[in-house]
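Visitor: Each residue of the sequence shown is one higher than the one before, counting from 544 in the working numbering.
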Amino acid sequence: MEANTQLQKKSSTKNKDAEKNKNISKALENNKSNFPDVVLDVKNICKTYQSKNGEIEALKNIKFNVKKGEYISIIGPSGCGKSTLLSIIAGLEDKTSGEVIVNGKIGYMLQKDNLLEWRTIYKNVLLGLEIQKANTDENKKYALELLKKYGLYEFKDKYPMQLSGGMRQRVALIRTLAIRPKILLLDEAFSALDAQTRLMVTEDIYKILKEENITALMVTHDISEAISMSDRIVVLSQRPSTVKNIYTIDFEIQNRSPLICRENPKFSEYFNIIWKELEKYGKAAEKQKNQK
Ligand SMILES: Nc1ncnc2c1ncn2[C@@H]1O[C@H](COP(=O)(O)OP(=O)(O)OP(=O)(O)O)[C@@H](O)[C@H]1O
Ligand SMILES: [Mg+2]
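1) Taking Gly647 as the reference, which of Ile757, Lys787, Pro783, Ile803 has the closest Cα?
2) If you measure from the CB of Lys683, is any heavy atom of ligand 1 nearer than 7 Å?
3) Relative to ligand 2, what is the chain-ordered list of residues with a Cβ closer than 7 Å to any of its non-hydrogen atoms?
4) Please name the residue in Lys830, Arg782, Ala686 whose C-alpha comes closest to that of Glu598.
5) Is the closest heavy atom of ligand 1 to the C-beta of Cys537 under 7 Å?
6) Per DSSP, Arg775 is paired with what?
7) Pick out the complete alpha helix (DSSP H) segments inside the region 682-732, 4 residues or longer, and give them in chain order.
8) Out of Arg718, Leu760, Ser707, which one is the CA nearest neighbour of Glu731?
9) For Lys625 versus Leu779, is the C-beta distance shorter than 8 Å?
10) Please report how far the alpha carbon of Lys691 lies from the alpha carbon of Ile803, in whole angstroms.
11) Tell me, please, which residues DSSP counts as bridged to Lys589.
12) Just how far apart, CA to CA, sit Gln712 and Ala735?
13) Are Lys586 and Gly634 closer than 8 Å when you measure CB to CB?
14) Please indicate yes or no: does the CB of Cys804 lie closer than 7 Å to some heavy atom of ligand 1?
15) Name, in chain order, the residues that DSSP records as bridge partners for Leu760.
16) Decide if the region 784-794 is in contact with the region 810-821; the criterion is three or more beta carbon pairs, one per stretch, under 8 Å apart.
17) Quick check: is any heavy atom of ligand 1 less than 7 Å from the C-beta of Ala601?
18) For Ile632, collect the residues of the same chain with a Cβ closer than 6 Å to its Cβ; drop the 5 residues on either side in sequence, then sort them by chain order.
19) Quick check: the Cα distance between Ser677 and Ser630, rounded to an integer number of angstroms?
20) Just to check, is the beta-carbon of Arg782 closer than 7 Å to a non-hydrogen atom of ligand 1?
21) With respect to the beta strand (DSSP E) encompassing Asn608, which residues constitute its N-terminal and C-terminal limits?
22) Can you tell me the Cβ-Cβ gap for Thr719 and Gly650, rounded? I've got them flagged as a contact below 8 Å.
23) DSSP state of Ser594, grouped into three classes?
24) With distances taken Cα to Cα, identify the nearest neighbour of Thr639 among Gln593, Asp737, Gly694, Ser767.
25) According to DSSP, is Leu635 helix, strand or coil?
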């Protein structure tokens, strides 16, 4: 009996401690925007679309930040508003309310490499600079240096159709890097590739981003991809989408790479936790869809 009371007391102290810790982490999360190394601060973003069937509340009070050099992934059920969120962060779409503070130039990579088939690889790499009216001699030289550094110089006069899917994606990245971004947004950038190529391309692109000191914010449906590449994973719920959890992924490895992380024993632990959570929101999203 006494032991039971003791246990109850212990568990209530434990609960209080857990509650306290939760509040402390919340407070820290709230305060992080004041840290000098925050390069992207997403503050209470809300987005409601007006459609002919009424309003669609896509995003509700989305809040997280990204620190310099971090690799952050966003995952959530289909149609929950991930692309909308990236477009808002990139300044391509209006938000209904909230604030995005960006400290550095943004680059954007999409699912399709969007290479222009009639332009050579070098001309494709210059495209971003041309659009930004920044195709100075210095920047063109920088683009050539990037092509050299990442093994594409000998292909510079070839056309996109002469390259493999993986190489095309590397060209798309170099085109983005040529504008010297500090933050790269990736929206399902690898999902058009077959499974084997996808593994190689994520490894390749991860290493290039680390080499160039670029902070990354990636949307993906692939939990394994998110775990293997990210320092933190933001989990969104079904619509109206809110941040349900932010997982810190730490393999305690010095020079991590996606392939090395996939072999780590902690990998499946992270996978199971996140998969279970996503399954819940996925089912809720499916139910939402069927009710229409
Ligand atoms: N221009 C628009 N007008 C009206 N509704 C829109 C518009 N763009 C997106 N939506 C709606 O907002 C919601 C979020 O869309 P979004 O494309 O951001 O989701 P997503 O999470 O990227 O989806 P997916 O996983 O399929 O890529 C969806 O229900 C979509 O139908
Ligand atoms: Mg999308």
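Don't be surprised by glycine CBs; every beta carbon is placed ideally from N, CA and C.
Guide: Quick answer:
1) On the sequence shown, position 104 is the one that residue 647 refers to. Among Ile757, Lys787, Pro783, Ile803, the Cα nearest to that of Gly647 is on Ile757.
2) Position 140 of the sequence shown, counted from the start, is the residue given in the question as residue 683. For ligand 1, not one heavy atom lies less than 7 Å from the Cβ of Lys683.
3) Residues flagged by the Cβ proximity filter: Lys625, Ser626, Asp730, Glu731, Val762.
4) Here residue 598 refers to the residue found at position 55 of the sequence shown. Of the candidates Lys830, Arg782, Ala686, Arg782 places its Cα closest to the Cα of Glu598.
5) Residue 537 is absent from the structure shown; the chain starts at 544 and stops at 835.
6) As a position in the sequence shown, residue 775 is number 232, starting the count at 1. Note: Arg775 sits in a beta bridge opposite Ile615, Thr791.
7) Listed in chain order, the alpha helix (DSSP H) elements of length 4 or more contained wholly in the region 682-732 are 708-720.
8) For this step, residue 731 is matched to residue 188 along the sequence shown. Ranked by Cα distance from Glu731, the first of Arg718, Leu760, Ser707 is Leu760.
9) What you label residue 625 is simply residue 82 of the sequence shown in a count that begins at 1. What you label residue 779 is simply residue 236 of the sequence shown in a count that begins at 1. Using a Cβ distance threshold of 8 Å, Lys625 and Leu779 count as a contacting pair.
10) The count along the sequence shown starts at 1 and reaches residue 691 at position 148. The count along the sequence shown starts at 1 and reaches residue 803 at position 260. In a straight line, the C-alpha of Lys691 is about 26 Å away from that of Ile803.
11) For the purposes of this step, residue 589 is identified with residue 46 of the sequence shown, where counting begins at 1. At residue 589 the sequence reads Cys, which differs from the Lys that was named. DSSP lists Ser640 as the beta-bridge partner residues of Cys589.
12) Taking the first residue of the sequence shown as position 1, residue 712 is located at position 169. Taking the first residue of the sequence shown as position 1, residue 735 is located at position 192. Going by C-alpha positions, Gln712 is about 10 Å away from Ala735.
13) Position 43 of the sequence shown, counted from the start, is the residue given in the question as residue 586. Position 91 of the sequence shown, counted from the start, is the residue given in the question as residue 634. If you check the CB distance, Lys586 and Gly634 do not come in under 8 Å.
14) Walking along the sequence shown from the start, residue 804 turns up at place 261. No, Cβ of Cys804 sits at least 7 Å from all heavy atoms of ligand 1.
15) Numbered from 1 along the sequence shown, position 217 holds the residue referred to as residue 760. DSSP, once it has assigned bridges, lists Ile615, Leu728 as partnering Leu760.
16) Taking a cut-off of 8 Å on C-beta distances, the region 784-794 touches the region 810-821, as three or more cross pairs fall below it.
17) Here the question's residue 601 lines up with position 58 in the sequence shown. Result yes, Cβ under 7 Å from ligand 1.
18) Translated into positions along the sequence shown, residue 632 becomes position 89. Within the same chain, Ile632 has close Cβ partners Val643.
19) Translated into the one-based positions of the sequence shown, residue 677 becomes position 134. Translated into the one-based positions of the sequence shown, residue 630 becomes position 87. Before going on, a small fix: residue 677 reads as Ala here, not Ser. C-alpha of Ala677 to C-alpha of Ser630: approximately 23 Å in a straight line.
20) As a working mapping, residue 782 is identified with position 239 in the sequence shown. In this structure, ligand 1 has a non-hydrogen atom nearer than 7 Å to the beta-carbon of Arg782.
21) Counting from 1 along the sequence shown, the entry for residue 608 is found at position 65. Per DSSP, Asn608 belongs to the beta strand (DSSP E) from 597-610.
22) Within the sequence shown, numbered from 1, the residue matching residue 719 stands at position 176. Within the sequence shown, numbered from 1, the residue matching residue 650 stands at position 107. 4 Å between Cβ atoms; contact.
23) What you label residue 594 is simply residue 51 of the sequence shown in a count that begins at 1. Strand.
24) Position 96 of the sequence shown holds residue 639. Considering only alpha carbons, the answer is Gln593.
25) Working through the sequence shown from its first residue, we reach residue 635 at position 92. DSSP places Leu635 in coil when its eight states are reduced to three.
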